[in-house]
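Protein chains in written order, with this note's numbering: chain Z, 1 to 228; chain E, 1001 to 1228.
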DNA sequence: CTCCGGATTTACGTATACGTAAAGAAATAC
DNA sequence: GTATTTCTTTACGTATACGTAAATCCGGAG
């Protein structure tokens, strides 16, 4: 399965490893929101010195995953309802723009094919009631959208904010209604892209993300999950 | 003149100073695009050790201002026509969204007043043929828009990309036609905000940024300013 | 001249050292 | 008991040390 999405190989420095390792543990909730860790502890955990850990923390802090307060260590930031509102406002605006651009300029056949495959996967996952598979396919769909639009900067920002909201999406996956309309939205978006109808593509995806964002914000408010 | 926009004071660490100093020199073209500098040189220049310099370079690299290649030092990245296209696609989507939100939720009186004052300044600057004053007022207008929308993340991203395109805007200021339509756009935007017409606010600002971006891209292509 | 292999330099990645200011503990006064 | 002050600890910011792999230099072969 040769996907459109590739990894950059590159040599892996300690600082890079620290970044990936810490970020991964935060995303997977192994270091839950609110946790406090000192540079020393992280260094010991990752079996390296403080230097590369510090460099990783600088990046994570910039990306809004953690907060570093001198002498208090790093603190994994919880995602509040308001944070989620901010994040989805950005995601909505940017992904809708990306969708519009793809429709405007036309998608490559292999991208289009992969989008359709992702939609099919989502349908099948929903039929099989496999929410995890659905989430994977949904994620894949969004990543192909990003890859197709060709704007590297746009891609990077969206990925950053998807990461920031990752824990919330993951932990609320089973609190949400069955995502039937998501599948419909995606099907309609692929259709608009194929017809090269930028206006419609924009509107569909904008509405999709907006609705999704609102739902997550409501979930956070309702359940008072201030500590995600 | 107590503006709506404030500075965070905070203690200023060496790493922070290195970041600001290097970034400022890049923005003001004191270290022009394409320049290569070693960590050692920067450390000597700023009279500190390599450690805080490295931390500053990590941030600058993340923001897309420089490229660090092991054993080759940092390189100040030029802004190509395509970079500019990417940057303005993002700025267009995000600022239009910000404008729409302000109109939707209503602006605070002091913000509205400051927006109007900025427009007046821009008019006066244009009458006086003072392009630098115009650019300052224009910048101020956009910053108040950001401050009003209340989305801190949105603000941070937009500022990041404004920084990335700062050199191009500055160096092409006198190559562009007189920015009469910008003033008109801004006046119309303030009006839409006052009328709380989100739809119109979005459209006006989207068109404004899009046109602006296209002009800058064309300038870069025409003059082949690949080294900005 | 150009091309190649080995010696040499060097820039960086990482580890470690160090001083300091802040946090916390202890001791004292009330 | 509480408040206050002094002392101790410690986490971090920065400087420095060090090993290494990449880049450069250099001389000889063709």
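Cβ atoms here follow ideal geometry from the backbone N, Cα and C, with glycine treated the same way.
Taking the beta carbon of residue 1064/E as reference, the chain Z residues within 9 Å of it are 153, 156, listed in sequence order.
In terms of Cβ geometry, residue 1052/E and residue 1018/E form a close pair [threshold 9 Å].
Collapsing the DSSP output to three states places residue 1067/E in a strand.
Proximity to residue 14/Z across 55/Z, 40/Z, 36/Z, 32/Z peaks at 55/Z, based on C-alpha coordinates.
Following the DSSP letters along the chain, one finds residue 74/Z inside the beta strand (DSSP E) bounded by residues 73-76. Here residue 1037/E carries a strand assignment [DSSP, helix/strand/coil]. Taking residue 49/Z as the centre and dropping the five residues before and after it, the same chain places the C-beta of 43 closer than 7 Å to its C-beta, in chain order. With 16 or more other Cβ atoms inside 10 Å of its own Cβ, residue 64/Z counts as buried. DSSP, read as helix, strand or coil, puts residue 1194/E in helix.
Residue-level contact by beta carbon holds for residue 1086/E and chain Z, with a gap shorter than 9 Å.
By the C-beta density criterion, residue 1224/E is exposed, having fewer than 16 other C-beta atoms within 10 angstroms. By the beta-carbon neighbour count (other beta carbons within 10 angstroms, threshold 16), residue 1079/E is buried. The C-beta of residue 1076/E has 16 or more other C-beta atoms within 10 Å across all chains shown, which makes the residue buried.
Looking only at 1171/E, 1133/E, 1100/E, the smallest Cα-Cα distance to residue 1190/E is reached by 1100/E. Under the three-state reduction of DSSP output, residue 13/Z falls in the coil class, being neither helix nor strand. Judged by DSSP in its simplified three-state form, residue 215/Z adopts helix.
Between residue 73/Z and residue 22/Z, the alpha-carbon positions lie close to 14 Å from each other. A contact between stretches requires three or more CB pairs, one per stretch, nearer than 8 Å, and the region 132-142 of chain Z meets this requirement with the region 115-123 of chain Z. Using a CB distance cut-off of 9 Å, residue 1198/E does not count as an interface residue toward chain Z.
In this structure the region 1081-1094 of chain E does not lie against the region 1184-1201 of chain E, because fewer than three pairs of beta carbons, one per stretch, are closer than 8 Å. Chain Z places a beta carbon closer than 9 Å to that of residue 1059/E, counting this residue as a contact.
Residues of chain E whose Cβ lies closer than 7 Å to the Cβ of residue 97/Z are, in chain order, 1089, 1093. For residue 96/Z against residue 206/Z, the beta-carbon gap comes to about 4 Å, under 8 Å, which counts as contact. Taking the Cα positions, residue 1094/E is about 15 Å away from residue 156/Z. Within chain Z, 54, 55, 58 have C-beta atoms less than 8 Å from the C-beta of residue 1055/E, given in sequence order.
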